[in-house]
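A short worksheet on the structure shown next.
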Amino acid sequence: MSNSTTPLYEVRNIGKQYGSVVALDGVNFKIHAGEVIGLVGDNGAGKSTLVKALSGAHQPSSGEILLEGKPVVWKSPHDALEAGIETLYQDSGLAPDLSVSANVFLGREKVVSGILGKLGFLSQKQMDKEAHEDLERVGIAVPASNRSVSQLSGGQRQAVAIGRAVSWARKVIILDEPTNHLGARQAAEVLQIIKRAKERGLGVVFISHTLPHVLQVTDRIVVLRLGRVVADAPTSTFDAEKLLGTITGLIETK
Ligand SMILES: Nc1ncnc2c1ncn2[C@@H]1O[C@H](COP(=O)(O)OP(=O)(O)O)[C@@H](O)[C@H]1O
Ligand SMILES: [Mg+2]
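Residue numbers (my numbering): 91 to 344.
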């Protein structure tokens with residue numbers, strides 16, 4: 091991926107403070123279309139705070155955010171969603187008592203105007219069918235979409251949450267710990283979903299503590315430590331030992 095092209099999504103020099111705690115300190119982060127970025131760092135490094143700035147969940151104290159080269163200000167997560175940026179938080183927020191298809195469509199009425207019109211006319215059967223197609227399109231096989239989410243296994247729930255986010259994303263998909271609590275086979279499926287999202291030309295931000303997954307699926311890795319970027323380099327320049335050392339600070343980078 092050429093560095094001379096305008097990044098799809100970028101934050102420049104952003105800072106975030108919670109009272110006296112400096113959670114982000116002059117962070118630069120960019121992602122190109124069709125690129126998978128691994129975002130890693132120890133607990134408290136600032137990953138979730140950066141995700142919240144990228145997803146519009148909160149506004150940074152300083153710095154700027156650019157989408158396709160144009161400065162943007164997100165007043166709420168809906169602003170970012172509307173602009174094509176989807177975020178799967180660690181806690182996926184599925185509604186257990188609703189069906190799979192209801193979960194796929196949940197919260198979209200306000201976001202996608204085309205769907206609003208469509209939803210009014212969709213029968214339950216059509217909605218089940220569309221949800222199933224959405225999930226299939228991103229490579230997720232779930233049992234009948236009219237089943238309630240509470241009947242699904244943990245792995246299947248996570249698959250629905252990922253499928254919902256990936257199928258709706260138009261530009262950027264941010265996945266916070268999507269392979270947590272998954273078995274090896276299910277985790278491998280999630281990595282496949284990430285690869286397909288990349289092939290669709292999405293920018294993917296993949297946050298994980300499972301370093302072999304990060305090394306396997308990403309093009310570039312950004313390491314945060316205590317609110318600062320301490321490494322931002324092609325994945326091919328890391329091995330597991332170097333990555334771990336960079337995260338913990340045992341290997342000094344800057
Ligand atoms: N809502 C909050 N209020 C106060 N401090 C916070 C809040 N959220 C995060 N922090 C602090 O900001 C720093 C970065 O946290 P976070 O972004 O959650 O890191 P990570 O996701 O990498 O574990 C930590 O020191 C954390 O304690
Ligand atoms: Mg976190």
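Yeah, the Cβ is synthetic: ideal placement off N, Cα and C, and Gly gets one too.
Between which two residues does the alpha helix (DSSP H) holding residue i run?
i	result
Lys137	137–145
Val280	274–289
Val307	301–307
By DSSP, does residue i sit in helix, in strand, or in coil?
i	result
Val201	Because the pLDDT at Val201 is just 40, under 50, the model does not fix this residue reliably, and the value given afterwards should be weighed accordingly. In the structure shown, Val201 sits in coil (DSSP, three-state: anything other than H, G, I, E or B).
Thr96	coil
Leu178	strand
Lys332	helix
Leu171	helix
Ser326	helix
Ser238	strand
Gln107	strand
Ile341	coil
Asp187	coil
Lys165	coil
Leu292	coil
Ala123	coil
Val101	strand
What residue range does the beta strand (DSSP E) around residue i cover?
i	result
Ser257	Premise fails: Ser257 lies in the alpha helix (DSSP H), 244–258, not in any beta strand (DSSP E).
Pro161	160–162
Leu265	262–266
Leu156	152–157
Val130	126–130
Leu314	310–315
Who are the Cβ neighbours of residue i in its own chain at under 7 angstroms, not counting the five residues just before and after it?
i	result
Ser145	Pro167, Ala170, Ile175, Thr177, Ile264
Gly153	Val101, Arg102, Asn103, Ile104, Gly105
Gln216	none
Thr308	Val126, Ile127, Gly128, Phe296, Thr325
Ala147	Pro167
Thr95	His122
Ile341	Lys332, Gly335
Arg237	Ser189, Val190
Thr269	Ala277, Val280, Ser298, Thr300, His303
Arg260	Gly174
Nearest-angstrom Cα distance between residue i and residue j?
i	j	result
Gly128	Lys219	33 angstroms
Gly273	Leu301	16 angstroms
Pro161	Ile121	15 angstroms
His303	Leu281	8 angstroms
Arg254	Leu188	14 angstroms
Gln246	Ser240	10 angstroms
Ser326	Val163	34 angstroms
Ala173	Val262	9 angstroms
Ile252	Ile297	13 angstroms
Val194	Thr338	38 angstroms
Val250	Glu223	12 angstroms
Gly131	Ala278	22 angstroms
Glu158	Ala192	32 angstroms
Arg290	Gly124	7 angstroms
Leu225	Ser110	43 angstroms
Tyr99	Leu242	34 angstroms
Leu292	Pro97	12 angstroms
Ile155	Lys165	12 angstroms
Gln248	Ala221	15 angstroms
Tyr108	His271	29 angstroms
Counting only the same chain and skipping the five closest in sequence on each side, list residues whose C-beta sits under 6 angstroms from that of residue i.
i	result
Asp322	Val312
Trp258	Glu176
Gln276	Gly245
Val112	Gly317
Ala399	Residue 399 is absent from the model: the chain starts at 91 and stops at 344.
Ala135	Leu314, Arg315
Excluding sequence positions up to five away, which residues of its chain have a Cβ less than 8 angstroms from the Cβ of residue i?
i	result
Pro150	Val101, Ile104, Gly105, Lys106, Leu114, Ala143
Asp329	Leu305
Asp266	Lys137, Ser138, Val141, Thr177, Leu178, Tyr179, Gln180, Ile297
When the cut-off is 7 angstroms and only beta carbons count, does residue i lie next to chain B?
i	result
Val126	In summary, chain B is missing from the structure at hand, where a single protein chain is found.
Item checked: Cβ pair count under 8 angstroms reaching 3, the segment 128–141 against the segment 313–325 -> yes
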